[in-house]
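Taken in order, these protein sequences are the chains called A and B. This note's numbering applies: residue 74 is where the first sequence begins, and numbers increase by one. This note's numbering applies: residue 74 is where the second sequence begins, and numbers increase by one.
There are 2 protein chains.
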Amino acid sequence: MRNKGKATSFDIAHRAGVSQSTVSRALRGSPLVNKETRDRIQAIARELNYKVDKNASNLRSQHSGTLALLLFEDPTPDDSLINPFFLSMLGSITRACAQAGYDLLVSFQQLSDDWHADYEDSNKADGIILLGYGDYVAYQSKLEQLVAQGTHFVRWGAVLPEQPGLSIGCDNFQGGRDLVEHLLALSRRRVAFLGHASNHYPEFFERYQGYCAALAAAGLKVDPALQLDAITTEQAGYEAVCALLDAGQSFDAVFSASDLIALGAMRALTDRGFKVPEQVAVVGFDDIHMAAFATPPLTTVRQNTKRAGELLVQSLLRTLHNLPVQSAKIPAELVIRRSCGQAVP
Amino acid sequence: MRNKGKATSFDIAHRAGVSQSTVSRALRGSPLVNKETRDRIQAIARELNYKVDKNASNLRSQHSGTLALLLFEDPTPDDSLINPFFLSMLGSITRACAQAGYDLLVSFQQLSDDWHADYEDSNKADGIILLGYGDYVAYQSKLEQLVAQGTHFVRWGAVLPEQPGLSIGCDNFQGGRDLVEHLLALSRRRVAFLGHASNHYPEFFERYQGYCAALAAAGLKVDPALQLDAITTEQAGYEAVCALLDAGQSFDAVFSASDLIALGAMRALTDRGFKVPEQVAVVGFDDIHMAAFATPPLTTVRQNTKRAGELLVQSLLRTLHNLPVQSAKIPAELVIRRSCGQAVP
DNA sequence: CTGAAAGCGCTTACAG
DNA sequence: CTGAAAGCGCTTACAG
């Protein structure tokens, strides 16, 4: 149970009667080393509970074997309000990293203002994964700067045509259209949209465009009075519905740009005496865990976080190895529950 | 916009007309260096966008400036089922680390079977934070091994008298007692307990003991038929209530050892035609985000995750610096909502 | 207050 | 297939 004077590759070399270089090679499974020698060295290493010193090996080989995950925190000091959708992403990214033999450093984006310097120049990480919903217009110049600096990064978010860097995202347009087609099929005609509909929030904007497309296909007009800005919080959803009601708008369905917004919307409707889904149907987006536990359970669109995490990590690793990569969308998957009145199978 | 041939401390030394050692000192704010020289060096470093190479400095100084957070994953392959309580903890731990100038490595416990070797011996992290609910009996020998190896670690969980290593946890006993006293004050008399009540799950066990204490103080007997094992999932809560009902037990309240269990319990009760809280009151534990959005909103006990995260990080840092530390409990805070029938203020 | 030098523990040309 | 040597970029005694 040694706990200090950790074994080094020289100790192993000594015991194995070989040079330290051979130990180094053997431990990384180099085919240059004679198989028997290699096995012997590995056995000794295991016996001594030896682990390669990460700092030494990183320093010498000039890469860290580490990826940084930078979370964009919603503008709230309360940790419990971190969008639960990202927990799921975090889980799958963690797993995908481990599988690729990389370590994962986690931090909040706002804790640093020069990601390139703080992660790549310091050799803390070989590349960066950016996660979170923020104002994209402000964000874009940061992305451009990263590209200009040659930073290795990948971002979760809307996949747009002329975008700096690599993005992986959900097919928000398709998800939005599927959701609204579902509402229309259930004979809803006045569908409100709760969420930003501008290039500041391209993910929401794409969902909004899917909403518009579905309405247009059904020969319905988009009523601008039924669209209200809302950030991704339950509170924002609550307030948006109240504002709609206070403005005297009538509607029979609410498409919330995220599940958190939808949860708030349902609470506001209930508080104001409306029945969901009888009078107003509600749908969300993300399929966060609590969507299934809402009353009524929320119809929404699932983003496959497992696939997303894997794709983010794989894409980033490809850029690290200078392999061709491109931005990609994963499909959005309609999850029908009871919040829009259709019986669950 | 240099992106290769990164500046080193020698480049800075050259520009500043001093030795590299002086640069190293100045950059770490050493008072040994003349203030003017120091300022000049720091200005040059900023201008060159220079960052100390973390691997080099770690290798030389033999510490990593990094903490590892090891999450115990619920026995499920689905990332979305990670207990949301831990998301909140993750957030506060991330913040506390950043504030202390440490980086945070995140992984799942089961991805390694020798934490000491994989994190400390490899110099990936100076210490380890263990987070998650697992079978404590199996766990204990791992903790003992860590202690024997001199691993620097702190664990979130039950704080027990003769426990290996350092633990930070909630006052589960008090939380459980408060919850049950609240139920009793509302005239509930047959309170079921959903959760393990054995030393395999000491956090649940302590909550159970709080439950027993409250009943005893009210002169009520503990009915073993009303206690059912359940792990921390919605599914487990659902099944436990069904089992209770199928066994023909009657009860007017359910104390669920976690909010996830409580959500499942409420769903089962509703499905079986019981009204919550009119016929059966339900309380949980954790105050996860969705507890407030349940129908009815769930009465529970909040564990202050911000405080918990800070305490975990601070305690671990103290062990790293060989300062005296001890296990500690943070208070549990009763959060009254509507699931047990009392009007919310 | 400053500098020259050693050395942290590896990986990787280079030579054989 | 193996070894001797250089060197990754710092920090830190040591000497002045």
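Beta carbons: idealized from backbone N, C-alpha and C, even for Gly.
Worksheet item: Is it buried or exposed for B:D126, if we count other Cβ within 10 angstroms and need 16 for buried?
Response: By the 16-neighbour rule on beta-carbons within 10 angstroms, B:D126 is buried.
Item to complete: Report buried or exposed for A:R168, applying the criterion of at least 16 other Cβ atoms within 10 angstroms of its Cβ.
Response: buried
Practice prompt. Check each residue of the stretch 304 to 333 of chain A: if its Cβ is closer than 8 angstroms to any Cβ of chain B, include it; give the result in chain order.
Written response: Residues of the stretch 304 to 333 of chain A with a Cβ closer than 8 angstroms to any Cβ of chain B, in chain order: E307.
Item to complete: In angstroms with no decimal places, state the Cα-to-Cα distance between A:Y212 and A:C285.
Response: 26 angstroms
Worksheet entry | Three CB pairs or more closer than 8 angstroms across the stretch 170 to 184 of chain A and the stretch 100 to 119 of chain A | no
Fill in: Entirely enclosed alpha helix (DSSP H) segments - the stretch 90 to 118 of chain A, minimum 4 residues
93 to 100
Discussion item. List, from N- to C-terminal side, the beta strand (DSSP E) runs of 3 residues or more that fit wholly inside the stretch 256 to 299 of chain B.
Written reply: 264 to 267
Worksheet item: Residues of chain A with a CB under 9 angstroms from the CB of B:N377: which are they?
Response: The premise fails here: B:N377 is roughly 10 angstroms from chain A at the closest Cβ pair, so nothing lies under 9 angstroms.
Worksheet item: Since A:R250 and A:G238 are thought to touch, with beta carbons under 8 angstroms apart, how far apart are those beta carbons, to the nearest angstrom?
Response: Actually they do not touch by this definition, with Cβ atoms about 27 angstroms apart.
Worksheet item: Under 8 angstroms, do B:S412 and B:L371 count as touching if we go by C-beta distance?
Response: yes
Fill in: chain A within 8 angstroms of B:S97, Cβ atoms only
no
Worksheet entry | Other residues of its chain near B:V398: CB distance less than 7 angstroms, five sequence neighbours each side excluded | Contacts found: L239, S388, R391, T392.
Worksheet item: Would you say B:T368 and B:V408 are within 8 angstroms of each other, going by their C-beta atoms?
Response: No, the Cβ-Cβ distance between B:T368 and B:V408 is not below 8 angstroms.
Worksheet item: What is the rounded straight-line gap between the Cα of B:A405 and the Cα of B:R262?
Response: 23 angstroms
Fill in: B:Q387: first and last residue of the uninterrupted beta strand (DSSP E) it sits in
Run containing B:Q387: none in the beta strand (DSSP E); it sits in the alpha helix (DSSP H), 378 to 393.
Worksheet entry | Under 9 angstroms from the C-beta of A:S180: neighbouring residues of chain B | T167, C170, A171, D176, L177
Worksheet item: Since B:T368 meets chain A, which of its residues come closer than 7 angstroms, beta carbon to beta carbon?
Response: T368
Worksheet item: DSSP state of B:L146, grouped into three classes?
Response: The sequence shown places Glu at residue 146 of chain B, not Leu. Three-state result, B:E146: coil.
Worksheet item: Apart from the five residues on each side of it in sequence, which residues of its chain come closer than 6 angstroms, Cβ to Cβ, to B:R340?
Response: The answer, listed in chain order, is Y311.
Worksheet item: So, is A:D194 buried or exposed, given that buried needs 16 or more other C-beta atoms within 10 angstroms?
Response: Counting Cβ neighbours within 10 Å, A:D194 comes out buried, since at least 16 surround it.
Worksheet item: A:P418 by DSSP, collapsed to three states: which one?
Response: In this prediction, A:P418 has a pLDDT of 42, which is less than 50 and means its spatial position is unreliable; what the coordinates show is noted afterwards. A:P418 falls in the coil class under three-state DSSP.
Item to complete: Flag A:K429 as yes if its beta-carbon sits less than 8 angstroms from any beta-carbon of chain B, otherwise no.
Response: The requested residue 429 of chain A does not occur in the structure, where chain A is confined to residues 74 to 418.
Fill in: Close beta carbons around A:Q247, own chain, < 8 angstroms, minus the five adjacent residues each side
These residues qualify, in order along the chain: G283, P404, A405.
Discussion item. Which same chain residues end up closer than 6 angstroms to B:L288 when comparing Cβ atoms and leaving out the 5 residues on each side of it in sequence?
Written reply: V295
Fill in: Residues that DSSP places opposite A:D359 in a beta bridge
A:R375
Discussion item. Against chain A, does B:V419 count as a neighbour if the rule is that its beta carbon must be under 8 angstroms from one of theirs?
Written reply: With chain B running from 74 to 418 in the structure shown, residue 419 of chain B is simply not present.
Item to complete: On a CA-only basis, which of A:N122, A:A316, A:F83 is nearest B:Y73? Give me that one, please.
Response: Residue 73 of chain B cannot be examined here, being either before or after the span of chain B that is shown, 74 to 418.
Worksheet item: Would the beta-carbon of B:V353 fall within 8 angstroms of that of B:V327?
Response: yes
Worksheet item: Do you know how far the Cα of A:A313 is from the Cα of A:S165?
Response: Spanning the two alpha carbons is a distance of roughly 32 angstroms.
Worksheet entry | Residue burial classification, B:K197 (beta-carbon count within 10 angstroms, cutoff 16) | buried
Worksheet item: Can you tell me the Cα-Cα spacing of A:L177 and B:I334, whole angstroms?
Response: So the alpha carbons of these two residues sit roughly 31 angstroms apart.
Fill in: Terminal residues of the beta strand (DSSP E) in which B:S60 lies
Nothing about residue 60 of chain B can be read from this structure; chain B reaches only from 74 to 418.
Item to complete: List the residues of chain A that B:S195 touches, going by C-beta distances under 8 angstroms, in chain order.
Response: Chain-ordered, the chain A residues with CB closer than 8 angstroms to the CB of B:S195 read K124, V125, D126, K127.
Discussion item. For a test of the three-state rule: what should DSSP assign to B:G200, helix, strand or coil?
Written reply: Note: B:G200 maps to strand in three-state DSSP.
Discussion item. Distance check for B:Q222 and A:V349, CA to CA, integer angstroms please.
Written reply: 58 angstroms
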